[in-house]
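*Asks:*
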Amino acid sequence: MSAIKNMYGKTKLSEDKKAELKAALGERYPQYAESRTYKTEGIRMNDTKINGNSGKVKISRKWRNGAIIAAAAALMLTVGMKLASEVYEKKAERIDVSPAGQVEDSREGQVKEEYPSQEGYIEDADETIRGNVKTIYNAAYEAYYEMLDDTGNELVLGEEKMITSEMVRQSRNADIVHEDGKCSALEFAAAMDRNLGGLDEYFADYDYAVDFIFDESGTKVVDINYAYIYLDSAHKSFCTYPEYGHNGGITENGITKRFSYESSCAKKLYEEAEEAIKYYNENGEKFTIDDVNMTAVDKEYLYMTDDYVRADIEENDKMRFAKALLNDGSMTSQLQKDGNNFVIKFTHDSNGNVNGVEKVYIEVFTDKNDYTNNPKTERYVYPDENKPYEMTVIVPDVTGKEYHEAFDELELLGLFPAPRKQYSNTVPEGIVISTEPEAGKESVLGRYVTVYVSNGQGETSGETAESDTAEE
Amino acid sequence: MTMNIEDVVDNYADHIYRAAYAYLGDTHEAEDVVSDVLMKYFSVCEDLDIDTSEHLKAWLLRTAINRCKDIRKSFRWKRTAALEDVHKTEFGWTEAELDVKRAVDNLPEKYRPIVYLYYYEEYKTEEIARILSLPKGTVVSRLKRARDRLRDVLSDYREE
């Protein structure tokens, strides 16, 4: 199997990339650069620096509730789990106080700075717990793929609609009989137990559970929804993976169903966009953008929520506009959670400022697991649903730019850059030589643009191959 | 354990990159994973309880693979994943090596990090189980299945 080793052996990060990486790390974490050894003082300062750079409230959420977490952690160490969970319970009560009807408030003009918080959901539980809840999720995911995905079995849940830690423990002593085409809840619990195998000691103290996303009819399980760890004995407060509210399912009567898209979704998005424009106009904010698509929303979302905030994300107008669309329960959030795509085209006044919505396009990916073929999509347009989905984009001139710049530029237009390396004697390595279709030509939104990037001056093409096979 | 940027990048960046590339099959995304993982590492390294370089490597690989899983769920990924063979000339692979790569890429996703960790990093199954937080039995059975699926293409390679 050394074939595999040889193949991966050639997979290397270029020296340039490494230098770039060192520079970026050095800038952010100067205390670890070179041989200089600053003492711990640097760490916290540094974190504030990140917050300062991005200028966003959300990123610092860890610190906001930091005191409670620190208190909980300290208690956990000294007094043990029981007291710590009391702290969580107190926190849960505090969340309880906020009026439940708030969601019903008219959404216009309300730019969100916080993401949805469910009653009793503890966003920033202790890191160990967050790690463990992810492990539980992964175990359920593995079980799902073992029991259902590969086999065509259907998960038959009883009344419960959840797999609980209780069931996982029960499954150890139960006689599990497999029936073809079916997988009982207990059988699933046993598969989860296998996947948690050897780690059980970590989970013995927790009550945990996993629930599912069902199809539109509410009968067939199509995905894992959340894994939960309950933080108190009454199951009042809990921690989840993925973070609560990040999945696209719609929960009614305790059952989460996959969101079903229909033609009205484009209309809804259209109205949300109009509301957002109204909100910004009232606040005197102007935008001169032509359109907004999922790339901008996704970036904004990452920018606001992700732990791994990338150094290279800089907020632009499209992202700023996207903020007003990302409301709790909005179509935009739904599309974002389900990983679908959309484009909103704007109309402009004589000064070039956005004053209305021209058209909305929605693209729903229908088979999410099939990643080897081109994704199949369902498209919705509003207004004028009879017209075929067509949106032309003029390919910009990106020759002579760094690949990363070109990538961002094309992506923001709604095109999808596909890199190809080419040897060139005239163009330096990493610089775009040409595109296909070429600059100035029309392409259709969502199409791939092949970007030919220079690989530097190539010797004879067989040379690299020879030198590496010599090891064998 | 080292907390020096030079050391960490020189010694581990390629490993993280390969793991991410093995999982995602995309150079651009893999580069981002390296950057994300190292940013993460330096933001928490003083709180980590890591004593040996082997342990550090395992931590980085594990973080990288978790990050890859996150990326696989994102919209961005769904859109760019349809590309095939665009990296043909990327690493100067021979035709035979390219066949191996295609075969590995055709494996279901869950097998790929295991194949990588076992054949390239030469971890033992227990170690892989720890890195991926899977039970050893699962790792062994997946490795076996992956090997079965790869057998055809790899036997061709040997005869060459």
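Chains Y and H, in that order, are what the protein sequence lines are.
Its first residue numbered 1, the first sequence is counted upward by one per residue in UniProt numbering.
Its first residue numbered 1, the second sequence is counted upward by one per residue in UniProt numbering.
Glycine included, every Cβ here is placed at the ideal spot set by N, Cα and C.
Only a predicted model underlies this, so the values are computations on that prediction, with no experimental measurement involved.
(1) Of all Cβ atoms in chain H, is any one closer than 7 Å to the Cβ of L25 of chain Y?
(2) What is the DSSP secondary structure of I224 of chain Y, counted as helix, strand or coil?
(3) How is A234 of chain Y classed by DSSP in three states: helix, strand or coil?
(4) Since E146 of chain Y sits in a beta bridge, which residues does DSSP pair it with?
(5) What do you reckon, are the CB atoms on N455 of chain Y and Y423 of chain Y nearer than 7 Å?
(6) In three-state DSSP terms, what is R420 of chain Y?
(7) At what residues does the beta strand (DSSP E) containing C183 of chain Y begin and finish?
(8) Any beta carbon of chain H sitting closer than 7 Å to that of D397 of chain Y?
(9) Using a Cβ-Cβ distance under 7 Å, would K401 of chain Y count as near chain H?
(10) Look up C239 of chain Y in the DSSP assignment and give the residues it is bridged to.
(11) Opposite G456 of chain Y in the DSSP bridges: which residues?
(12) Of all the options H:S141, H:I5, H:Y21, which has the alpha carbon lying nearest to the alpha carbon of L61 of chain H?
(13) Is there a Cβ from chain H that is less than 7 Å from the Cβ of Y8 of chain Y?
(14) Pull up the distance between the alpha-carbon of D126 of chain Y and that of C239 of chain Y, whole angstroms please.
(15) Report the residue from Y:H348, Y:F342, Y:P383 whose alpha carbon sits nearest the alpha carbon of E363 of chain Y.
(16) Please report the Cβ distance between A189 of chain Y and V168 of chain Y, rounded to the nearest whole angstrom; I am assuming they are in contact, meaning their Cβ atoms lie under 8 Å.
(17) Sort out for me which residues DSSP pairs K257 of chain Y with in a bridge.
(18) Which residues in chain Y sit within 8 Å of T28 of chain H, going by Cβ to Cβ distance?
(19) In its own chain, which residues sit with a C-beta less than 7 Å from the C-beta of R194 of chain Y, not counting the 5 before and 5 after it?
(20) Of all the options Y:D290, Y:F203, Y:D211, which has the alpha carbon lying nearest to the alpha carbon of E159 of chain Y?
(21) Just checking my contact of R112 of chain H with Y12 of chain H at CB under 8 Å: how many whole Å lie between their CB atoms?
(22) Does any CB atom of chain Y fall closer than 7 Å to the CB of E97 of chain H?
(23) Please report whether the beta-carbon of residue 227 of chain H lies at a distance below 7 Å from any beta-carbon of chain Y.
(24) According to DSSP, is S14 of chain Y part of a helix, a strand, or is it coil?
(25) I'd like the span of the beta strand (DSSP E) that includes T392 of chain Y, first residue to last.
(26) Count the other C-beta atoms from every protein chain shown that fall within 10 angstroms of the C-beta of P428 of chain Y, then say buried if there are 16 or more, exposed otherwise.
(27) Using the Cα positions of D397 of chain Y and G249 of chain Y, report the straight-line distance between them to the nearest angstrom.
(28) Tell whether a beta-carbon distance below 7 Å holds between R142 of chain H and I114 of chain H.
(29) Can you find a CB in chain H that lies within less than 7 Å of the CB of T11 of chain Y?
(30) Starting from the N-terminal side, write out each stretch of the alpha helix (DSSP H) that is 4 residues or longer and does not extend beyond the stretch 323-362 of chain Y.
(31) So residue 473 of chain Y and T138 of chain H are supposed to be a Cβ contact under 8 Å. How far apart are they, rounded?
(32) Quick check on L21 of chain Y - is its C-beta less than 7 Å from some C-beta in chain H?
(33) For L196 of chain Y and T135 of chain Y, I'd like the C-alpha separation in whole angstroms.
(34) Between which residues of its own chain and N353 of chain Y is the CB-CB distance below 7 Å, once the five residues before and five after are set aside?
(35) Looking at the structure shown, is S443 of chain Y part of a helix, part of a strand, or coil, going by DSSP?
(36) Would you say A33 of chain Y lies against chain H (beta-carbon separation less than 7 Å)?
*Replies:* Looking at the atomic coordinates:
(1) True, the Cβ-Cβ gap to chain H drops below 7 Å.
(2) Note: I224 of chain Y maps to strand in three-state DSSP.
(3) Under the three-state reduction of DSSP output, A234 of chain Y falls in the coil class, being neither helix nor strand.
(4) DSSP output for E146 of chain Y lists no bridge partner at all.
(5) Against a cut-off of 7 Å, the Cβ pair of Y423 of chain Y and N455 of chain Y comes out as a contact.
(6) DSSP places R420 of chain Y in strand when its eight states are reduced to three.
(7) Where C183 of chain Y is concerned, the enclosing beta strand (DSSP E) stretches over 182-184.
(8) Judged by the 7 Å Cβ criterion, D397 of chain Y is not in contact with chain H.
(9) By this cut-off, K401 of chain Y is not an interface position.
(10) Looking at the DSSP assignment, C239 of chain Y forms a beta bridge with Y:I229.
(11) The secondary-structure analysis by DSSP pairs G456 of chain Y with nothing; it has no beta-bridge partner.
(12) With distances taken between Cα atoms, L61 of chain H lies closest to H:Y21.
(13) Output row for Y8 of chain Y: interface = yes.
(14) So the alpha carbons of these two residues sit roughly 9 Å apart.
(15) Considering only Y:H348, Y:F342, Y:P383, the residue with the shortest C-alpha distance to E363 of chain Y is Y:F342.
(16) Confirmed, Cβ separation roughly 5 Å.
(17) Looking at the DSSP assignment, K257 of chain Y forms a beta bridge with Y:F214, Y:I250.
(18) Sequence inspection shows His at residue 28 of chain H; the Thr mentioned does not correspond to that position. Here the neighbours are F407, P419.
(19) Cβ within range, chain order: n/a, list empty.
(20) Closest option to E159 of chain Y, Cα to Cα, is Y:D211.
(21) Contact flag wrong, Cβ pair sits at about 20 Å.
(22) E97 of chain H belongs to the set of residues whose beta carbon lies under 7 Å from a beta carbon in chain Y.
(23) With chain H covering 1 to 160 only, the question about residue 227 of chain H has no answer from this structure.
(24) Taken through DSSP and simplified to helix, strand or coil, S14 of chain Y comes out as coil.
(25) Its beta strand (DSSP E) spans residues 392-394.
(26) With fewer than 16 other beta carbons inside 10 angstroms of its own, P428 of chain Y counts as exposed.
(27) Take the alpha-carbon of D397 of chain Y and the one of G249 of chain Y: they are about 41 Å apart.
(28) In this structure, I114 of chain H lies closer than 7 Å to R142 of chain H by Cβ.
(29) Answer yes: the Cβ-Cβ gap between T11 of chain Y and chain H drops below 7 Å somewhere.
(30) Within the stretch 323-362 of chain Y, the alpha helix (DSSP H) runs of at least 4 residues that lie entirely inside it are, in chain order, 331-337.
(31) It is not possible to answer for residue 473 of chain Y, since the shown part of chain Y is limited to 1 through 472.
(32) For L21 of chain Y, the answer is yes, since a Cβ of chain H falls inside 7 Å of its Cβ.
(33) So the alpha carbons of these two residues sit roughly 8 Å apart.
(34) The residues are K286, F287, T288.
(35) In this structure, S443 of chain Y counts as strand in the three-state DSSP scheme.
(36) Yes - at least one Cβ of chain H is within 7 Å of the one on A33 of chain Y.
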